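Undergrad: Sharing a structure with you now.
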DNA sequence: TCGCCTCAAAGATATGACGTATTCAAGTAG
DNA sequence: CTACTTGAATACGTCATATCTTTGAGGCGA
């Protein structure tokens, strides 16, 4: 879903290093140094730097070098940046930010989904809710995660709002990160799963208000759990 | 806030052309052709293309060329993409999407702002509310727009959530676009301005619930007005 | 001390050569 | 006639090198 040839190798090294704070704001890198360090040509370095520049992680200036930019300017919505930060030191802050965002967006998306979802999407949501129940009972964490991500992404997509839809990827990153770093109960909570079924039902029935409220409960629960785990 | 040397020239041409749908999905561009068309070297073309690729507007494949990607994959949160789309054919769709997003996010941000804003930010909000009143009375549309953008950006920033804060830029683009394309009443509505003052008051007083509700009313109003204007 | 000037450092751009994956089609076997 | 193989053409990918342009810093003079 994301790599790009040889510059990708640089990105995979530099991105996490910057996003994790290992290379703090103000650090200057020189293009020539990067060429040597990674044994690649100027072309490759420049293109990798261009991409980082596009995310506002660095800025390149003549006679100065490539400077790591302040965190406040970063493209925090870029899925790549999100993953890098989730893997690094400020994972807690990142998870909290994303939690608030989800709390704002997902209920609204659920309401819209109840109004605008296609029949296909409604069916899919119901099916996913069933899958969630089953994989939870079987304690198949990997499959559970997959379906959970799919469920939330489907709701967001069904909202028929392209911007909400794009947050599906973001929410996926959160859920993956949460599982990967063992920030959720090993046994998925039955209550949360019931709520997912209810969202599916509400969307199928076109009950916007109920879909919204139920989704809010889900995300609030996730956020509360997160705060508990992070202190 | 955004250009970049010579590749920027290419971006300024290709970006809008793609975002506006002038170059539909599936269109293939060849690097050599772009070199000639813009009279620049491969280096420059490659870097510009890399940036577009980073936004998922195009994908570059060997033996095929540079292909315009489906809209569904675009980085719809990238401020550059937003501006390009606002300037082009699907401005209505873009404005509607952004409207829904604002409706989800800004009330939540206002509530958080009421809890977490610094004294400085609270003062700033009050001051901006006053400015809004005055510039509206003076019918100084440019200054009004500036302060309006600043107001909303300040609320988002004061939420102490980096992701909300980043949407300040996005909201700014919407407001600018709306004014630029004459999608709002020439004389700002007194009622909307009163609401801004009330948000400022609520945030100053730490009344999260009132801040949230009032902000919701503001954004709902904007969205309603938009729908009216767009049919 | 202040301001201007010069120089050099580092990125920005241009260019030519070569590598490599991919597609398309010709050719061949079944 | 179909299906598979193979080869060549193509367009991007990478490298190496040369030159241009900007800009920061130190020096020089008023």
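Residue numbers (our numbering), protein chains in the order written: chain A, 1 to 231; chain B, 232 to 462.
Note that the Cβ used here is the ideal one computed from N, Cα and C, for glycine as well.
Predicted, not measured: the structure shown is a model, and the values here were computed from it.
(1) Which of the three DSSP states is assigned to residue 97(A) in this structure?
(2) Distance, Cα to Cα, residue 313(B) vs residue 408(B)?
(3) Please work out which residues of its chain come closer than 8 angstroms, Cβ to Cβ, to residue 251(B), disregarding the five sequence neighbours upstream and downstream, and give them in chain order.
(4) Quick one: list the residues of chain B neighbouring residue 166(A), beta-carbon separation under 7 angstroms, in chain order.
(5) Run through DSSP, which three-state label would residue 297(B) get?
(6) DSSP state of residue 291(B), grouped into three classes?
(7) Using a beta-carbon distance below 8 angstroms, is residue 394(B) in contact with chain A?
(8) In the structure shown, what three-state DSSP assignment does residue 430(B) receive?
(9) Are residue 214(A) and residue 195(A) touching if we call contact CB-CB under 8 angstroms?
(10) Do the segment 387-397 of chain B and the segment 343-351 of chain B make contact, defined as three or more Cβ pairs closer than 8 angstroms?
(11) Tell me whether the beta-carbon of residue 211(A) lies closer than 8 angstroms to the beta-carbon of residue 203(A).
(12) At the level of alpha carbons, what is the spacing between residue 253(B) and residue 288(B)?
(13) On the CB-based measure, 16 or more other CB atoms within 10 Å of its CB, does residue 48(A) come out buried or exposed?
(14) For the 8 angstroms Cβ check, are there 3 or more pairs between the segment 121-133 of chain A and the segment 294-301 of chain B?
(15) Can you tell me which of the three DSSP states residue 259(B) falls into?
(16) Using a Cβ-Cβ cutoff of less than 7 angstroms, which residues in the same chain neighbour residue 144(A) once the five nearest sequence positions on both sides are dropped?
(17) Quick check: the segment 4-12 of chain A against the segment 38-46 of chain A, are at least 3 beta-carbon pairs closer than 8 angstroms?
(18) In chain A, which residues lie less than 8 angstroms from residue 336(B) when you measure between Cβ atoms?
(19) Check each candidate in 421(B), 406(B), 330(B) and 398(B) and name the one with the smallest Cα separation from residue 369(B).
(20) Could you give the distance in angstroms between the alpha-carbon of residue 309(B) and the alpha-carbon of residue 283(B)?
(21) For residue 31(A), which residues in the same chain have their Cβ closer than 6 angstroms to its Cβ, ignoring the five residues on either side in sequence?
(22) Can you find the residues in the same chain that come closer than 6 angstroms, C-beta to C-beta, to residue 325(B), ignoring five residues on each side of it along the sequence?
(23) From the DSSP output, in three-state form, read off residue 347(B) for me.
(24) For a contact meaning CB atoms closer than 7 angstroms, what does residue 263(B) contact in chain A?
(25) Tell me whether residue 84(A) sits in a helix, a strand or coil according to DSSP, three-state version.
(26) Give, in chain order, every residue of the segment 257-283 of chain B whose Cβ lies closer than 8 angstroms to some Cβ of chain A.
(27) Which value, in whole angstroms, describes the spacing of the CA atoms of residue 110(A) and residue 4(A)?
TA: Let me lay it out:
(1) Three-state DSSP puts residue 97(A) in a helix.
(2) Using only the alpha carbons, I get a separation of about 10 angstroms.
(3) Same-chain partners within the cutoff: 315, 316, 318, 319, 320 and 321.
(4) The contacting residues are 307 and 308.
(5) Strand at residue 297(B).
(6) Correct three-state label for residue 291(B): strand.
(7) Nearest CB-CB separation between residue 394(B) and chain A: below the 8 angstroms threshold.
(8) If DSSP states are grouped into helix, strand and coil, residue 430(B) belongs with the helices.
(9) One thing to note: residue 214(A) has its Cβ within 8 angstroms of the Cβ of residue 195(A).
(10) Yes: at least three Cβ pairs fall under 8 angstroms.
(11) Contact: yes.
(12) About 13 angstroms.
(13) Residue 48(A) comes out buried.
(14) Below 8 angstroms, too few C-beta pairs join the segment 121-133 of chain A and the segment 294-301 of chain B to call them touching: fewer than three.
(15) If DSSP states are grouped into helix, strand and coil, residue 259(B) belongs with the strands.
(16) Closer than 7 angstroms at the Cβ level, and outside the excluded window around residue 144(A), lie 132, 135, 136 and 188.
(17) Contact holds: three or more Cβ-Cβ distances are below 8 angstroms.
(18) Those within 8 angstroms of residue 336(B) in chain A are 101, 104 and 105.
(19) From the listed residues 421(B), 406(B), 330(B) and 398(B), the smallest Cα separation to residue 369(B) is found for 421(B).
(20) Rounded to whole angstroms, residue 309(B) to residue 283(B) spans 11 angstroms at the Cα level.
(21) Leaving aside the five residues that flank residue 31(A) on each side, the residues in its chain whose CB is nearer than 6 angstroms to its CB run, in chain order, 45.
(22) Cβ contact annotation for residue 325(B) (same chain, cutoff 6 angstroms, sequence separation greater than five): 316 and 317, in chain order.
(23) DSSP places residue 347(B) within a helical segment (H, G or I) once states are collapsed to three.
(24) Think of a sphere of 7 angstroms around the beta carbon of residue 263(B): no beta carbon from chain A falls inside it, the nearest being about 16 angstroms out.
(25) Judged by DSSP in its simplified three-state form, residue 84(A) adopts helix.
(26) Taking a C-beta cut-off of 8 angstroms against chain A, the contacting residues of the segment 257-283 of chain B are 274, 277, 278, 281 and 282, listed in chain order.
(27) Going from the Cα of residue 110(A) to the Cα of residue 4(A) covers about 34 angstroms.
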